[in-house]
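Note that my numbering gives residue 358 to position 358 of the first sequence, counting from 1, and the numbers run on in steps of one. Backbone N, C-alpha and C define an ideal beta-carbon position, used for all residues, glycine too.
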Amino acid sequence: MKELPKAYEAKQYENSIYKIWEESGFFNPDNLPSEALAKDGEPFTISLPPPNATGTLHLGHATMLALQDLMVRFNRLGGKKVLWLPGTDHAAIATQNVVEKKIWETEQKSRFDLGREELLRRIHEFVVGTQSTIQSQLRAMGASCDWSRERYTLDEGLSKAVAQVFVKMYNDGLIYRGKRIVNWCTRCGTTLADDEVEYKESVNKFYYLKYGPLIIGTARPETKVLDKIAIVHPDDERYKEYVGREFIIPWILGDLKIKVVADKVTEMGTGTGAMSITPAHSFVDFELAQKYGFEVVDIIGPDGKLTASAGKFSGLKAKEARAAIIEELQVKGLVDHIDENYKHNLSICYRCSMPIEPMPLEQWFVAVDKPFKVGWFKKSTLKKLALEAVRSGQIKIIPEKFEKVYYNWMENLHDWCISRQIWFGHRIPVWYREKVDSLNNSPQPSLNLREGDDGSPSYTKRGGGGVKIDREIYVGVEKPAGEGWVQDPDTLDTWFSSSLWTFSTLGWPNQTLDLKTFHPTSVLETGYDIIFFWVARMILMTKYVLNEVPFKTVYLHGMVRDKQGKKMSKSLGNGIDPIVMIEKYGADALRLSMIIGTTPGNDFRLYEEKIAGYRNFVNKLWNISRYILMTVKEPQVVENVPEAKTLADKWILSRFSFVANLVTEKITKFEFSPAGETLYDFTWGTLADWYLEVAKVEGGKDEILNYLLTQILKLWHPFTPFVTEVLWQEAFGDKSGLLMVQGWPKDLPARSEQSEKEFKVIQDVVTTIRNFRSEQKIEKERLIDVVLTSKEFSAIINSQKLIIEGLYTKVKLLVVDVGQEGLFIKINDDLKINYKI
RNA sequence: GCGCGCAUAGCUCAGUGGUAGAGCGUUUCGUUGACAUCGAAAAGGCCCCAGGUUCAAUCCCUGGUGCGCGCACCA
1 MKELPKAYEA
11 KQYENSIYKI
21 WEESGFFNPD
31 NLPSEALAKD
41 GEPFTISLPP
51 PNATGTLHLG
61 HATMLALQDL
71 MVRFNRLGGK
81 KVLWLPGTDH
91 AAIATQNVVE
101 KKIWETEQKS
111 RFDLGREELL
121 RRIHEFVVGT
131 QSTIQSQLRA
141 MGASCDWSRE
151 RYTLDEGLSK
161 AVAQVFVKMY
171 NDGLIYRGKR
181 IVNWCTRCGT
191 TLADDEVEYK
201 ESVNKFYYLK
211 YGPLIIGTAR
221 PETKVLDKIA
231 IVHPDDERYK
241 EYVGREFIIP
251 WILGDLKIKV
261 VADKVTEMGT
271 GTGAMSITPA
281 HSFVDFELAQ
291 KYGFEVVDII
301 GPDGKLTASA
311 GKFSGLKAKE
321 ARAAIIEELQ
331 VKGLVDHIDE
341 NYKHNLSICY
351 RCSMPIEPMP
361 LEQWFVAVDK
371 PFKVGWFKKS
381 TLKKLALEAV
391 RSGQIKIIPE
401 KFEKVYYNWM
411 ENLHDWCISR
421 QIWFGHRIPV
431 WYREKVDSLN
441 NSPQPSLNLR
451 EGDDGSPSYT
461 KRGGGGVKID
471 REIYVGVEKP
481 AGEGWVQDPD
491 TLDTWFSSSL
501 WTFSTLGWPN
511 QTLDLKTFHP
521 TSVLETGYDI
531 IFFWVARMIL
541 MTKYVLNEVP
551 FKTVYLHGMV
561 RDKQGKKMSK
571 SLGNGIDPIV
581 MIEKYGADAL
591 RLSMIIGTTP
601 GNDFRLYEEK
611 IAGYRNFVNK
621 LWNISRYILM
631 TVKEPQVVEN
641 VPEAKTLADK
651 WILSRFSFVA
661 NLVTEKITKF
671 EFSPAGETLY
681 DFTWGTLADW
691 YLEVAKVEGG
701 KDEILNYLLT
711 QILKLWHPFT
721 PFVTEVLWQE
731 AFGDKSGLLM
741 VQGWPKDLPA
751 RSEQSEKEFK
761 VIQDVVTTIR
771 NFRSEQKIEK
781 ERLIDVVLTS
791 KEFSAIINSQ
801 KLIIEGLYTK
811 VKLLVVDVGQ
821 EGLFIKINDD
831 LKINYKI
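Right, dumping it as structure tokens:
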């Protein structure tokens, strides 16, 4: 007999329980008690998708933590050697932006005012703070990760891994430097990868301009200053006579010689069917320029202003230039008409939402289609390796539909621009040294070595005046010996380092025991929104570096939405702070609200009432335990199935076997929501609503109650670790250690279909009587006589009379066998219910 | 334009080739010795529309409608 408080107050227990777990050392697989491990101690590994070091956790993080901790605890209980490796991501642009913004707000200083070193110092200071916030929030969620192995993408070890992979790829010819059209964010002052560009629908003016004999349409006249080529479709009858001819036309800066070329890229039905091409500021046009060898002239510079090529418009910002140029064109009578309501997608930066300028810049790229040697004989490309990893089934993606999405993206992948002109991140491990061979003995002062301080691309190679410049390049992990080496000022795309996460965190390039033991990892669990940014790149890079997959299964959860189905965002103010919810309802309730009722890959709505609902359930679990502890003489861990004395005992043990096996199966198959629902129904609808009530009537069930409590706490532990551990400690802790390392229920006895069927009859009889009382509005004090007649079930009902009468039916029961099939209930003289089983 | 989803009770969502499920909400009862964060009971569904396959379709197939998403394009 032990009495717990009437209601579970999560707040009173969670912190101290986490502390007990952490101090036990069991988060670290090396410390798991050997008796808890299955014979071979098979490893189970999850690398935590490292939260960005930008600030605090949101519900997306909470979701991933709930799901991962579920898997981790399930497998730990199942006797595996479980490693859940936590960490944080430096999140280059995102973090630098946050800090830059703060500095601007408080000091009105830009990063250029501070300088590289000082900015990095400030960012570091900031990151130390956010990291500790994130750590404490992970703990608040109950995440049972191994803190002793925590990593940060800018750690020394990880940085070394990054440099080493870069060098390896460079030596394999898979990383190259080239001038290609890239996405440039003028606000962040850096390039972005293709998938870091987002699109926003916007309404703009669309200008139809007289371009010699043609009319071309454009939304961006400011880029068209020096367009020298017009393209029409080869089959377009309207323009056939012009194809291949050259014209001198009046244009923005005066007369311009243009040429008309036919190519099928144009669509006859779109606009006027004719377009002029601007190779420097359009991806499509750039490709055409490559195809035909057209000249590429920069019109807009990295500062967002028109370049010297734009003549009298140079120095104007793109937006100002547009107005000025249209005015000029209007004066010259070259504007045919203007469509005021042109809808199109504006490309914007995924970090700052400002417009992206495509422009040709010299950058570092990863070549995804270039063949290289894999192993001794085989040749492949990065793209093929990454596709093969999933196609072959080495990696399974849940839900499966995302495999198609993955293929589609991977197949269309272009070379990946990896250099960024920001300062926060892994510096590109390349050093340059200028060698000047003067042919006419004149010094060469104008080497254009810049640190991106004006936002321009770094290291433009210039020659001229009879001076030959040779630039030595050194690519290596360490700075080369010798004088005059200057490191490339750019940093790497943040996703470059995170793509190595599963193995760089385990010690690679050192061949550590951890790497051998825990890689490939078992599961990658993350949101479907970063399948391209991260998941795809991890597969690509890990296949390349280790020639193995980074993980065997990818589980993708959906996005958390608000009650109206809207995306949660700071600007809408509809976000829910997980920490506030934990304070209010407990981490277990929050976790359940994100696990039950959700399906992988599908968005789900979350709101306070839902969390409150699961808080109620947690409290129910508490009270079930409370009742059992108050009832039994001595709480005891019971592992062996107790003897069943009554029908109800047989029934509940049978149901338990069934449910435990089903839950195990469903978790193993990554069906977490059905697993939780099954357990929820059993716990509340079966155990609490029926068996405990029966137990009150029959009594003498200490062993079975102890057994059910023991086992159900284990089954719930992956879902609701805190309350189950608290209850375990209250009930058995002093004798049996921690719940988190007990065994998972297994080898359960077979179900007894017969007793389940028989008890179902009893339940139906009870329900029918209650139903009848309710419908007939019979006062609860009034005792009624019930006569049951059945051939098949009279014996069993008769034997369970006590239960039927005891379960708040307020009846006096008479059972007779009248030789008829089915069950007939006659209540009083005049009321009859014909109840079919 | 290419591709992928979703459509089931008032709401949020599960689900299955054979009588349709849960939670919340609603209604009616209830101070039963675990729990009012509770208990008992009830009402409430052409399972989007039209065809097809099948003995049988909410489920499978085709088409449509509506909503959402990704990718590409965006002269």
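Please report the straight-line C-alpha distance between residue i and residue j, rounded to a whole angstrom.
{"i": "residue 808", "j": "residue 673", "result": "33 Å"}
{"i": "residue 243", "j": "residue 292", "result": "15 Å"}
{"i": "residue 733", "j": "residue 694", "result": "28 Å"}
{"i": "residue 588", "j": "residue 744", "result": "19 Å"}
{"i": "residue 806", "j": "residue 823", "result": "20 Å"}
{"i": "residue 330", "j": "residue 278", "result": "21 Å"}
{"i": "residue 201", "j": "residue 80", "result": "50 Å"}
{"i": "residue 458", "j": "residue 253", "result": "Summary for residue 458: the model assigns pLDDT 36, below 50, so the residue's position carries little reliability; its value from the coordinates is reported in the next sentence. Answer to the nearest angstrom: the Cα atoms are 30 Å apart."}
{"i": "residue 263", "j": "residue 512", "result": "56 Å"}
{"i": "residue 771", "j": "residue 710", "result": "34 Å"}
{"i": "residue 75", "j": "residue 394", "result": "21 Å"}
{"i": "residue 430", "j": "residue 55", "result": "31 Å"}
{"i": "residue 525", "j": "residue 127", "result": "24 Å"}
{"i": "residue 321", "j": "residue 306", "result": "8 Å"}
{"i": "residue 697", "j": "residue 803", "result": "6 Å"}
{"i": "residue 11", "j": "residue 100", "result": "37 Å"}
For residue i, collect the residues of the same chain with a Cβ closer than 7 Å to its Cβ; drop the 5 residues on either side in sequence, then sort them by chain order.
{"i": "residue 680", "result": "596 and 617"}
{"i": "residue 839", "result": "Outside the shown range of the chain (1 to 837) lies residue 839, about which nothing can therefore be said."}
Under DSSP, the alpha helix (DSSP H) around residue i begins and ends at which residues?
{"i": "residue 776", "result": "Segment: none, residue 776 is in no alpha helix (DSSP H) and carries neither H nor E."}
{"i": "residue 527", "result": "Careful: residue 527 lies outside any alpha helix (DSSP H), inside the beta strand (DSSP E) at 521 to 527."}
{"i": "residue 720", "result": "Taken as a continuous stretch (DSSP letters only), residue 720 belongs to no alpha helix (DSSP H), as it is neither H nor E."}
{"i": "residue 410", "result": "401 to 411"}
{"i": "residue 610", "result": "608 to 631"}
{"i": "residue 130", "result": "116 to 141"}
{"i": "residue 664", "result": "647 to 668"}
{"i": "residue 168", "result": "156 to 171"}
{"i": "residue 504", "result": "501 to 504"}
Sorted by chain position, which residues of the same chain lie with C-beta nearer than 8 Å to residue i's C-beta, five sequence neighbours on each side aside?
{"i": "residue 174", "result": "366, 367, 370, 372, 382 and 544"}
{"i": "residue 569", "result": "575"}
{"i": "residue 184", "result": "190, 191, 192, 302, 356, 357, 358, 359 and 361"}
{"i": "residue 205", "result": "219, 338, 339, 340 and 342"}
How many whole angstroms separate the CB atoms of residue i and residue j, which I take to be in contact at a CB cut-off of 8 Å?
{"i": "residue 301", "j": "residue 317", "result": "About 11 Å separates the two Cβ atoms, so there is no contact after all."}
{"i": "residue 654", "j": "residue 751", "result": "5 Å"}
{"i": "residue 288", "j": "residue 265", "result": "7 Å"}
{"i": "residue 708", "j": "residue 727", "result": "That belief does not hold up - the Cβ atoms of residue 708 and residue 727 are roughly 13 Å apart, past 8 Å."}
{"i": "residue 28", "j": "residue 146", "result": "5 Å"}
{"i": "residue 324", "j": "residue 313", "result": "6 Å"}
Got a sec? Which residues, its chain only, sit under 6 Å from residue i by beta carbon, not counting five neighbours each side?
{"i": "residue 538", "result": "499 and 550"}
{"i": "residue 801", "result": "813"}
{"i": "residue 841", "result": "Outside the modelled stretch of the chain, which goes from 1 to 837, sits residue 841, for which no answer is possible."}
{"i": "residue 43", "result": "81, 517 and 518"}
{"i": "residue 61", "result": "51"}
{"i": "residue 78", "result": "744"}
{"i": "residue 636", "result": "706"}
Which two residues bound the contiguous beta strand (DSSP E) that contains residue i?
{"i": "residue 246", "result": "246 to 251"}
{"i": "residue 372", "result": "372 to 374"}
{"i": "residue 341", "result": "335 to 349"}
{"i": "residue 230", "result": "229 to 232"}
{"i": "residue 177", "result": "175 to 185"}
{"i": "residue 676", "result": "It is not in any beta strand (DSSP E) - residue 676 instead sits in the alpha helix (DSSP H) that spans 672 to 680."}
{"i": "residue 81", "result": "81 to 85"}
{"i": "residue 359", "result": "356 to 366"}
{"i": "residue 197", "result": "197 to 211"}
{"i": "residue 788", "result": "784 to 790"}
Practice item. Output the residue ranges of the beta strand (DSSP E) runs that lie fully inside the segment 234 to 288 and measure 3 residues or longer, sorted by chain position. Key: Runs found: 246 to 251, 254 to 262 and 274 to 276.
Point to revise | Runs of beta strand (DSSP E) lying entirely within the segment 539 to 608, each at least 3 residues, in chain order | key: Annotation note: the segment 539 to 608 contains the following uninterrupted beta strand (DSSP E) runs of length 3 or greater, listed N- to C-terminal: 551 to 557.
Check your understanding: Which runs of the alpha helix (DSSP H), 4 residues or longer, sit entirely within the segment 697 to 754?
Key -> Segments of the alpha helix (DSSP H) lying fully in the segment 697 to 754: 702 to 716 and 721 to 728.
Check your understanding: Along the chain, which unbroken stretches of the beta strand (DSSP E) at least 3 residues long are found entirely within the segment 10 to 88?
Key -> Counting whole runs of 3 or more residues, the segment 10 to 88 contains the beta strand (DSSP E) stretches 43 to 47 and 81 to 85.
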